[in-house]
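Residue numbers for the sequence shown follow the numbering used here, so the first one is 1 and each next one is one higher. Every residue gets a Cβ at the ideal spot worked out from N, C-alpha and C, and that includes glycine. Predicted, not measured: the structure shown is a model, and the values here were computed from it.
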Amino acid sequence: MLAIIVNYWLGFWLYEKTKNKLSSSKTGTKSLEYGHKHGYFILLFTWLPVIGDPLTLVAGVLRLKFVWFLIVAGSLRIARYYFLTLVV
Numbered sequence: 001m002l003a004i005i006v007n008y009w010l011g012f013w014l015y016e017k018t019k020n021k022l023s024s025s026k027t028g029t030k031s032l033e034y035g036h037k038h039g040y041f042i043l044l045f046t047w048l049p050v051i052g053d054p055l056t057l058v059a060g061v062l063r064l065k066f067v068w069f070l071i072v073a074g075s076l077r078i079a080r081y082y083f084l085t086l087v088v
């Protein structure tokens with residue numbers, strides 16, 4: 001949970017540097033495209049292992065509201081780890 005909060009605030013505070021860094025990678029570019037196109041809808045995919053972390057960074061870059069970010073992304077992260085504990 002702390003990781004998604006840190007990613008969000010890094011994207012929010014370091015807007016230009018983060019946007020340039022995301023634009024230079026393939027996953028980051030796709031994340032930015034999806035973020036601009038779908039907005040809050042991208043938060044539904046933050047539970048995914050590979051693409052979830054760049055999406056939390058993109059949420060900060062796009063300046064999505066932190067409360068909604070925390071509710072959606074945080075609850076999905078908790079659900080992901082809860083499900084993993086049930087499986088294992």
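Would you give the residue range spanned by the alpha helix (DSSP H) that residue 55 belongs to?
Taken as a continuous stretch (DSSP letters only), the alpha helix (DSSP H) holding residue 55 covers 52-61.
When you compare only the Cα positions, how much space is there between residue 67 and residue 75?
If I take the Cα positions, the gap works out to 12 Å.
Three or more C-beta pairs closer than 8 Å, one from the region 52-63 and one from the region 31-40: is that the case here?
Yes: the two stretches touch, three or more of their Cβ pairs being nearer than 8 Å.
Would you mind stating whether residue 8 and residue 56 have Cβ atoms separated by less than 7 Å?
In this structure, residue 56 lies closer than 7 Å to residue 8 by Cβ.
Using the Cα positions of residue 12 and residue 37, report the straight-line distance between them to the nearest angstrom.
The straight-line gap from Cα to Cα measures roughly 18 Å.
Count the other C-beta atoms from every protein chain shown that fall within 10 angstroms of the C-beta of residue 18, then say buried if there are 16 or more, exposed otherwise.
Buried, by the Cβ-count rule.
Check whether the Cβ atoms of residue 72 and residue 48 lie closer than 7 Å to each other.
Contact: no.
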